[in-house]
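Before any comments, here is the structure.
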Amino acid sequence: MLGLRPMIRLAKVRKRYRTARPDELALRDVDLEIATGELAAIVGTSGSGKTTLLNLIGGLDRNYEGRVEVDGRDLGGMSDRDLARFRNLHIGFVFQQFGLLEHLSAVENVMLPSHFVRGDSPVSDARARAVEALTALGLGHKVDEKPRNLSGGQKQRVAIARALFFKPKLLLCDEPTGSLDSTTGRQIIETFQALNAEGYTVVIITHEQRVSDAARRVIHIEDGRIVDPGRTN
Amino acid sequence: MKPGALVSLVGQNVVRSKKNFLMSGFGIIVGISTFVFFIGLGEGIKNVVLGRIFLAGQVEVVRKKFDTGLTESDSLFGIGGTRPLDAQVARELSAIEGVTGVFPKMKFAFPARGWGGKRLFGRDVWAEIIADGLEPEVVATEIEQPEQFRDWDADIACGDGAACPDGRTCQAGKCERQACTYVDPKDEEAAPATPPACPGESYCAEDTGRCETPIPVLVSNNLLELYNGSLATAMSGGAGKMPRLSKQAVIGFGLNVTFGKSFLGQSKKAKPITRRLKLVGFSDKAISVGVTLPIGYVKRLNAQFAGEEAAATYHSIILEAADQGRVPAIATKVKAMGFDLADKTERAEQAGMLINVITLVFSLISVIIVAIAAVNISHTFFMIILQRKREIGVLRAIGASRGDVRLLILGEATLIGLFGGGLGALAGWGATRAADLLGGRLPDFPYKPETFFAFPAWLWGAAVGFAVLFCVVGAFFPANAAARLQPAEALTN
Ligand SMILES: Nc1ncnc2c1ncn2[C@@H]1O[C@H](COP(=O)(O)OP(=O)(O)OP(=O)(O)O)[C@@H](O)[C@H]1O
Ligand SMILES: [Mg+2]
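Residue numbers (the working numbering), protein chains in the order written: chain U, 303 to 535; chain F, 205 to 697.
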């Protein structure tokens, strides 16, 4: 079920951090396409530029050269406001450290994206949608629990539920299993596989073999360069 | 961001960081309570001082005096006198912009003394009489029975059902005094069975041999204050305790007065005569120590005992201003026209200024306290933003714009301001109640108010608005710093 139009397209993307030396590039002329409906893993050694790449794709960093397109839209041409709106509705993020707000309950965390909608929300009843997302991930009995009372795997599933709140086109995950034990990690990977089967395009950064094994495509990055685009077979 | 979501997120954030905000919030509370206390005190004192001791919104014009350093006189070394206050001057003064009323006053220009008060004090009190006359219409709206404060010695028409006052009969459309036989009060006491020669309130005057109506007088509200506040205490002892007096108790109080003769001297123009005065009301426009009569009586008595010139010149002219703010301009104009201001008016201006300055100083102190609290708030927010850096990154990732982040932090500042301001206002008000309670224990003194404080509505708005403003200003730079953070940057450890 690979779509014709690429979900992600990077052309001659170059990134240098402001504090870095002039010749020290975090990304060096990266060209990359990821099609709609793919489940792609990005692997590479520490400091190779994986997070940097994901930040550009997710519109979290606007300081780069080259062109980044997501779902046909050039992120470089968008204002902060438009980009925030785009992230809000069309991209779901999952982080290694979960990124939950400790003072909010599970359901309140999942509802957070609804607070930042500009204009009409595609979701009419935010709480009902949040409960639905949590239930789908097996957390129907933990909706009002605070994150400190949840296990690592449960926290990551709350984070995934939040990422899925508006049913975005793209899920970007940075080391989603990095803080979990192997059994829990496997369950999370299975969750991503299931979501991909439902039609979500999923990009996962990992340095774990079993995670990349689960992906249909593995992109290798080294020293800011795509050394193996890992064309799907 | 929707207002509901903003309020709930902001509320939850403040609650979780309450420990951080406690210090700066406390500063706001202290500053705002100081502000409310001292502004309230300033307003309260102004009410008493300007509203009751001096009269706000008025300018009292007097004839210019030359002050040679040794003496004051109407003319400089006897050459070229200053203008006396007469009817023409009154007309000129009424033309000044902002003047809404012109009220001439005329004092007795001859000696007078009075005695009476046995009914009130238990014994007769003798006193030098200081008297002042003004147009009855000036006080018509202020006193309870304006029909009583009138010139009974002016012609009174009668007939067609209009009756005459006690002791007068209607003759050819005019109320004429009935003839009577004067009986000395001492003889009357000796033979109380003697039927009164004049009916009702009227009494027989020795010099006219006719029934006269008592002269209605007003006294100032201040006089009763002064009496109750200190005179009653001072005059008690020896002859027995002097009672505190209420307004109701003294209305209708009668006093015998001898015009043209007092403890200090005697008029050379005419033989002294004796009349009765009757207290008919209280007015802030009445002379502060003395009695105030309808001006017609004063004019006639001045003509009789002091001469025609005394009857044609006013002692002072009160100008009523459209509002207190107009007073300085009017005062300046009056001085430019070659007249002086009564000491009372000068002092009122000075007192008002002094109160304003003192209030200003204390408001400034409270502003400094609040400003220090705002700096503290600024620091607190910078710290909190550092703590919440990752969280801000997460919020940005899931759709918060720069504006949303700024709004969240300024919202927290607003909430702290509302709380700090509200609690501060409450604490300040509580402190004023405590101060009044302590003040209530002080012994009575003249003009002692029920409360030393006044709280105009704007004060509450200013207190809370002021707290919110300083908190928001304090949070402004931290909020901007947080908003400027790139989401990717915020998300790094
Ligand atoms: N905020 C930053 N400022 C300066 N340099 C940075 C910053 N973030 C990353 N870098 C540098 O950019 C390069 C790529 O970093 P990046 O975080 O993308 O690596 P990574 O592949 O995600 O590594 P890891 O597996 O450890 O997370 C590294 O050399 C890193 O030191
Ligand atoms: Mg990384």
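We put the beta carbon where it would ideally sit given N, CA and C, even for glycine.
- Under the three-state reduction of DSSP, His522/U is assigned to strand.
- Under the Cβ criterion (8 Å, minimum of three pairs), the region 459-469 of chain U counts as touching the region 478-497 of chain U.
- Remark: the shortest separation between the CB of Ala328/U and any heavy atom of ligand 1 falls under 7 Å.
- Spanning the alpha carbons of Glu340/U and Ala685/F requires a straight line of approximately 38 Å.
- In chain order, Ser407 place their CB closer than 6 Å to the CB of Asp446/U, counting only its own chain and leaving out the 5 sequence neighbours on each side.
- Between Pro315/F and Ser471/F, the CB-CB gap stays under 8 Å.
- Residue contact with chain U for Gly603/F: present (Cβ-Cβ distance below 8 Å to some residue of chain U).
- For Arg610/F, the closest Cβ of chain U is not nearer than 8 Å.
- Here Gly634/F is exposed, its C-beta having fewer than 16 other C-beta atoms within 10 Å.
- Proximity annotation: ligand 2 has residues Lys352/U, Thr353/U, Asp476/U, Glu477/U and Ile507/U in chain order, each selected because its CB is closer than 7 Å to a heavy atom of the ligand.
- A contact between stretches requires three or more CB pairs, one per stretch, nearer than 8 Å, and the region 346-358 of chain F meets this requirement with the region 416-430 of chain F.
- Counting only the Cα atoms, Gln375/F lies some 26 Å from Val387/F.
- At a C-beta separation below 7 Å, Pro415/U has these neighbours in chain F: Ile602 and Gly603.
- Under DSSP, Ala343/U shares a beta bridge with Ile506/U and Val520/U.
- Counting of Cβ neighbours within 10 angstroms places Leu439/U among the buried residues, the total reaching 16 or more.
- Using a Cβ distance threshold of 8 Å, Phe486/F and Lys539/F do not count as a contacting pair.
- Look at Ser520/F here: in three-state DSSP terms it is strand.
- Under the Cβ criterion (8 Å, minimum of three pairs), the region 481-500 of chain F counts as touching the region 354-373 of chain F.
- Between the C-alpha atoms of Gly368/U and Arg431/U there is a straight-line separation of about 38 Å.
- Between Phe388/U and Gly349/U, the C-beta spacing is not below 8 Å.
- DSSP places Gly326/F outside both helix and strand once states are collapsed to three, so it counts as coil.
- Glu500/U counts as exposed, since fewer than 16 other C-beta atoms from the protein chains shown sit within 10 angstroms of its C-beta.
- Selection Leu430/F, Gly464/F and Lys548/F evaluated against Leu449/F yields Leu430/F as nearest (Cα-Cα).
- Gln456/U sits close to Leu441/U, with the two beta carbons spaced by under 8 Å.
- Between the alpha carbons of Ser381/U and Met227/F lies a distance of about 39 Å.
- With respect to chain U, the C-beta atom of Met205/F has a partner C-beta closer than 8 Å.
- As computed with DSSP, Ala525/F is found in a beta bridge with Val303/F.
- Inclusion of Ala322/U in the 7 Å shell around ligand 1 follows from its C-beta lying nearer than that to a non-hydrogen atom of the ligand.
- Cys384/F has its alpha-carbon roughly 9 Å from the corresponding atom of Thr412/F.
- Apart from the 5 residues on each side of it in sequence, Cys675/F sits with its Cβ closer than 6 Å to the Cβ of Ile581, Ala617, Ile620 and Gly621 in its chain, given in chain order.
- By the Cβ test, the region 452-464 of chain F is in contact with the region 476-490 of chain F, since at least three Cβ pairs between them sit closer than 8 Å.
- DSSP, reduced to helix, strand and coil, places Cys402/F outside both helices and strands of the structure shown, so it counts as coil.
- Remark: three or more beta-carbon pairs, one from each stretch, lie closer than 8 Å, so the region 583-595 of chain F and the region 208-224 of chain F are flagged as touching.
- For Asn432/F, no alpha helix (DSSP H) segment is defined, and its DSSP state is neither H nor E.
- At a cut-off of 8 Å, the C-beta of Ala313/U has no neighbouring C-beta in chain F.
- The C-beta of Phe242/F has 16 or more other C-beta atoms within 10 Å across all chains shown, which makes the residue buried.
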